[in-house]
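What follows is a single structure, written as structure tokens, with notes after it.
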Amino acid sequence: MNNTTSIDTQTISDIVLSTQDAISTLLNPLLDLGSNIETLPDFDSIKNDILVQFENISMIAEMSDLNGLAAVCVEFSVQLKDLILSNKQNANEFKKYLDSNIEKILIYLSDWQSLDSIEQLTDNLSGDADDIRVLLFQDIENCNSKTQTTLDSDVNLDVEIDDSYLLTEGLVNSSTLSNVDEDEILELDSLFAEDTNAEVGLDTTEGIMALFCQELSDIEQQIIMLTPQICNSEIKQENDSTPEQAVQYYLDIINRMRNSCEELELTGLVKILNFVLVNVNLLLTLDITTRKQSHTVLVGWPQIVINHLQEPNDNSLCLAVVDYLEDNSWPEPLQYSEMREFIEALTKELELTGDFEVEARKVEALEDDVTLTIAQDTNQQLLDAFFAECPGYAEELTIKIANIVNGKDILNNTKAAQRLAHSIKGSANLIGTKGIANIAHHLEDIFEYFAKLSIAPPKSLGDTITEAADVIEVMIESLQELSPAPVDAHRILQDVLDWANRIDKGDINETTEIITEKVLDNKTEIIATDDITTNDETKQGEENQQAINPILTQTELIRVPRDTLDQIFNLIGETSIAIAQVQEQLKRMHQRGIDMQAQEKNLQTRRFELENLVSVRSLAATQKQLNIVASNEQFDSLEMDQYDDFYGATHSFIEAVSDHREFNRDVMSHIVDLEGLFLQQQRLNRSLENIVTTTRLLPVKTIVARLQRTVRQACRATGKQAELNIVGEQLLMDGDVLNQLADPLMHLLRNAIDHGIESLEERREKGKPDIGKITLNFYQEGNNIRANCSDDGAGLDYERIHWLALERDLIKPQDNVDHASLARLILNSGFSTRETATQISGRGVGMDVVYVAVLKLKGNISISDNEPCGTIFNLRLPITLLTSHSILVQIQSERYAIPTVMLDQILPQGTGQFSSHNEKQTFQLGKSVYPTSTLSNLLGLPENPDPLTNKNSIVLLVHYGSKTVAVSVERILSSNDLVVKNMGPFMKHVAGIAGIALLGDGGVVPVLDMIELLDAEKSGNNKIRSSRIIENEKLLLSKVLIVDDSLSVRNSLFQLVQDAGYEPLLARDGLEAIEIMKKTRPNLILTDLEMPRMTGLELTSHVRANSDNVNLPIFMITSRTMAKHQTQAQKLGVNEYITKPFSEDDLVSKLGQALNG
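Those letters in the sequence shown? Residues 2 to 1158, per my numbering, in order.
As structure tokens, then:
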């Protein structure tokens, strides 16, 4: 009886599935044969039936276009026949071999696209296994390529299966089929009709990603099988694919998928596939060894990409793709400069066009929304890229917002701000920093709204987005460890959220102005209190429409640890010292050569004298010899010269002197050549130093954003209006110098606004513009950097400075003090012209801090009036801290170094004229008269009592404030580039000494600070006050005890209190605060409510229990907003109950009222 099974399907994939079931049905009975095969009747005929069964399986596979499986079955049949003909097998061995082959086929059918199942199926084949693998691989390709092809409805695949092969008598007994349902075996229609394809929704991002994951999974097996043929150049047989053919097949597979990705605008996948195409094309140009090295990356990339597509929001998987493409096993790995572009493309895969669900915007911001933690698994290259790009993005965002607020090309600036906010959001998300990403995300939505409607944001929103941009900058600086995390970030995020939600609801009450051509032409004027402009204004118009380019250039970069750079700089310094020592030795050698030449001349003189004496003596000897010869009849006197031993020795000595002279000339020639080589080496070393120095050079613009933000904050705090104009943003400075200069400059700017710039009413009364102007001008002057800060404010109050100086006994009533001298008095610690303290100044902190900071940078500062109004602060600093060009002077056999950065001019002896008037010495040069002193007097050394003897001295014209002072020195030895070192942690600050330097001869000299020395002379105290500046400052500052168990809160409040001009003290809880109070009594306590060991309420109760602390101000900062907490705190004696989030300005204001009230 024959049962005919009809296969009528829609796809080749269905045929494969049906064929699998049909073949499995044929094989399952064979597996039921027991180990007693020898006991079955007619064993030989059974073996033949088995061979026929394999041939039938081969036929079914071939009819289903599974040519690979068909070839395997044919090969198995051949092997079984060979086994039968060998007559060496018994029944059990035959059964063992049969079971093995059946098991291989069943495993293959269960996972027919798996490389492992294909390898196992073709293992130990006696024929050409490679050809069969190719056929199996083609089976996979045929199935995948024809999945969507509909078969002709009239075509039926009829497979006749003879019952004798299923129910052969003797081969399968009744017990064998006891568990087999005949209907299940024969009714294959239902099996073949079963649809196993999972439907994928293509209208969602997830559906598209799932589709491509499946596609990648399908081609992965093909790639795995093709790669060995590509990486192996040997052709085994005629029918094998050559590497060229395998490459072409590989490229065809990738190209088909790339075309699909391009249609769906999946730029990230397109970039990856293009990368693979380029590398596969390059393989044929490489040798076999190099190709084999690429095997792993060529087969592994699909799975890496699949992992990313399955979890596109997992940043670590996105970075894993980039890391994989950077592997050096690729013929052309991904370059570092391309990394950012790949990451951005991959992160945009979720932004496909379609109706996707939009997450509802939050209404209330949480503290967790402004955290600044970086994900632990963040790739270091990505982190480097973030710090390279985001500070520039944030700075540019602030500029764009300032332009929007001021009505400058609002439409284009709004679009640019939207792009910048998007870039900041993306970069922050990649490193897992939620605080920055959340604020930037909502800012982007706000900008998008106003850009689409072409309207300008209302002024109150302008204030909010300005604060938000400032907070983003501070957050980035906090990640760079340049400043603490902003305390008011939570409040600002809430403000931004409120505006974003109002926009979502269409609830904007303030009138918004539609942007007209007038606005675009910059004819509309909108003035803000924090209007900030820069000299290098951003180009408008078309440039604003271009995409924001990364700060990183296309130049290939490498990452070098900071410690390595510091070591290089130290080695450069040591090399400079070594070269100076070599130079000193060369000078000595040259001097010895000159001494040898002088000695040579002296020797020549003695030689001539000796020759004369020998000649006289030889005349007498010659006469005597003539007499002897005359008595000898054998020789005539003309036939032989007569020499004695003395003459011979003299002649030999003269020849030796001549040889010595030639030797000396040769030595001098070598010394001259060595000096030439040394000069060349010195030039190379200076070039190397300059090149190495450039690795630390940064443009001034890197701190411009912080300076602008300082002005805005100071304006908000004082209610004044000012604009900051910065000239020379592109000037390069040593990074360390620039970073250390930022704080002094911020002090100057705050001081200019609080002390200099008048209120709006005062400016109008004086006829000045409403907006004050502050200018920072940076420029290079020789080896120095000049930074001048000027304003058009009220200028210095010289009368009040004079009165305070008299009161503090800094000057005497009879002293005739000019404005320049009075101006320098504000650099004294604790000196302030304010009667009452404000949030910004009035506590005697600021200018002395600026002065000390500038001195640490080996620079100086001067103060002068800015005509017609205002003040100018002139800062002069070295370009780099690596070396300092100095002159070496000698005073009473001692040597000192003076940096030339402090000098205006060096005058030789006899230049100018010294005079004395009213017991004061002056120095006149042309029409200029300078006050004068001697270096001996400045150093406290004894000197010639007659001051007029200075007329033979060398004169140094020294910068001193806004004037110049003449200082006489005995002798200048040389000028050198010295490596200045500090005197170490165990040596206290020595007044008037900036550091020490090692000379070429091994000697150590002190490097003088001329400003400190002149200050000491002026004050009548040679023990310079500068050593006490910081200590006095601390004594004058009010102490604020900060008690909080959170490290981040303690650090934030520490910086806030310190910037406000108070001395912060830190405690982790109430018990630690009590221990601190036993040693130091604070002027105010700033405490949290909830802390371990002792809470804020318990601490307050303990403090108030002491009668000495009854009036001690206690502020409590907490997130508890319920009335019962506040009532309990007030009962215990808390003066101010402040809930989070809070305003920094409000807190500083309350601190000022409590401490200065």
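We put the CB at the ideal spot given by N, CA and C, even for glycine. Since this is a predicted model, take the numbers as computed values, not measurements.
As DSSP reads the structure, T933 sits in a beta bridge with A967. T297 counts as exposed, since fewer than 16 other beta carbons sit within 10 angstroms of its beta carbon. With contacts defined as CB atoms closer than 8 Å, I892 and E971 qualify as a contacting pair. Ranked by Cα distance from L212, the first of Q246, S261, Q223 and A247 is S261. Per DSSP, G796 is not a residue of any beta strand (DSSP E), being assigned neither H nor E. Here the segment 716 to 732 makes contact with the segment 761 to 774; the two share three or more CB pairs at distances below 8 Å. Inter-residue distance for E312 and I305 is about 11 Å (C-alpha atoms, whole angstroms).
Rounded to whole angstroms, D1002 and N603 show a C-alpha spacing of 30 Å. Collapsing the DSSP output to three states places K1040 in a strand. Residue ranges of uninterrupted alpha helix (DSSP H) with 4 or more members, entirely inside the segment 460 to 513 and ordered along the chain, are 460 to 480 and 490 to 506.
The continuous stretches of alpha helix (DSSP H) do not include A995, which lies in the beta strand (DSSP E) extending over residues I994 to L999. Beta-bridge partners of G773 (DSSP): A723.
Collapsing the DSSP output to three states places A441 in a helix. Following the DSSP letters along the chain, one finds A376 in no beta strand (DSSP E), marked with neither H nor E.
With fewer than 16 other beta carbons inside 10 angstroms of its own, E333 counts as exposed. Assigned with DSSP and collapsed to three states, S887 falls in strand. Residue range E895 to P900 is occupied by the beta strand (DSSP E) that includes R896. With fewer than 16 other beta carbons inside 10 angstroms of its own, I289 counts as exposed. DSSP places T1088 inside the beta strand (DSSP E), whose first and last residues are L1085 to D1089. One alpha carbon belongs to M1117, the other to A1068, and they sit about 14 Å apart. Segment contact: the segment 472 to 479 against the segment 1039 to 1047, fewer than three CB-CB distances shorter than 8 Å; contact not assigned. Contact check between the segment 480 to 496 and the segment 1137 to 1153: three or more CB pairs, one atom from each, fall below 8 Å, which counts as touching. Within the same chain, and ignoring the five residues on either side of G796 in sequence, the residues whose Cβ sits closer than 8 Å to its Cβ are G757, D866, N867, C870, G871 and T872. Per DSSP, the beta-bridge partners of E1064 are K1040.
Here the C-alpha atom of F451 lies approximately 20 Å from the C-alpha atom of I493. Taking A788 as reference, the option from F832, S863, Q815 and R764 with the minimal CA-CA separation is S863. Looking at S929, L284 and A62, the one whose alpha-carbon comes closest to that of L110 is A62. Each of D1045, E445 and N817 was checked against the Cα of I402, and the nearest Cα belongs to E445. Within the DSSP bridge table, the entry for Y780 names R787 as partners.
Assignment of F924 by DSSP, reduced to helix, strand and coil, places it in the strand class. In the DSSP annotation of this structure, the continuous segment of the beta strand (DSSP E) that includes I955 starts and ends at I955 to Y961. By the neighbour-count criterion, in which 16 or more other beta carbons inside 10 Å mark a residue as buried, V1135 falls on the buried side. Look at E327 here: in three-state DSSP terms it is coil, with no helix or strand label. Contact check for I1115 against M1011 fails: the beta carbons are separated by 8 Å or more.
If you check the CB distance, N740 and L878 do not come in under 8 Å. In this structure, the CA atom of N1110 is about 24 Å from the CA atom of L1057.
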